[in-house]
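Under the working numbering, the residues of the sequence shown are numbered 611 to 716, in order.
Cβ coordinates follow ideal geometry from the N, Cα and C atoms, glycine included.
Everything on this sheet refers to the single structure shown next.
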Amino acid sequence: MAVRRKWGISGALVAMLLLGALAWNWTSLRARAALGAAYGARIGCSCRYVEGRAMGSCAADKEPGMAMVRLTDLPEDRAVKASVPLLATRTARFKPGWGCLLDPVG
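Put into structure tokens, the structure is as follows:
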């Protein structure tokens with residue numbers, strides 16, 4: 611019984627340390643996620659609507675470390691939405707003569 615209690619206390623301490631580290635770095639994590647989503651949306655939109663490629667081939671244009679960025683084609687709006695789950699979402703729309711522009715954050 612004492613061994614089980616010792617493991618329970620140890621597990622609770624580890625969980626508290628992990629939550630503390632997450633809280634300490636939350637602003638940095640959100641900023642990096644927002645940057646990755648914006649970059650992914652812009653590159654994905656340019657690939658799809660400027661170059662005219664299929665969305666499947668656009669995934670190869672992502673930089674290393676962008677595995678969590680998900681691209682979604684919005685053909686009715688000629689836009690690409692990029693998201694990092696639970697942290698950030700950005701959309702880039704194709705505007706003739708201008709290329710792909712990010713929607714304002716808001």
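Suppose contacts are defined by Cβ-Cβ distances below 8 angstroms. Is residue i in contact with residue j by that definition?
| i | j | result |
| --- | --- | --- |
| residue 655 | residue 663 | no |
| residue 703 | residue 687 | yes |
| residue 633 | residue 694 | no |
| residue 681 | residue 669 | yes |
| residue 712 | residue 640 | no |
| residue 692 | residue 650 | yes |
| residue 709 | residue 679 | no |
In its own chain, which residues sit with a C-beta less than 8 angstroms from the C-beta of residue i, not counting the 5 before and 5 after it?
| i | result |
| --- | --- |
| residue 635 | none |
| residue 705 | 711 |
| residue 626 | none |
Residue i bridges to which residues according to DSSP?
| i | result |
| --- | --- |
| residue 682 | 691 |
| residue 666 | DSSP output for residue 666 lists no bridge partner at all. |
| residue 711 | 703 |
| residue 698 | 694 |
By Cβ distance below 6 angstroms, which residues in the same chain neighbour residue i in space, the five residues on each side in sequence not counted?
| i | result |
| --- | --- |
| residue 644 | 698 |
| residue 685 | none |
| residue 672 | none |
Less than 7 angstroms between C-beta atoms, sequence neighbours within five positions excluded: which residues of the same chain meet that for residue i?
| i | result |
| --- | --- |
| residue 676 | 646 and 650 |
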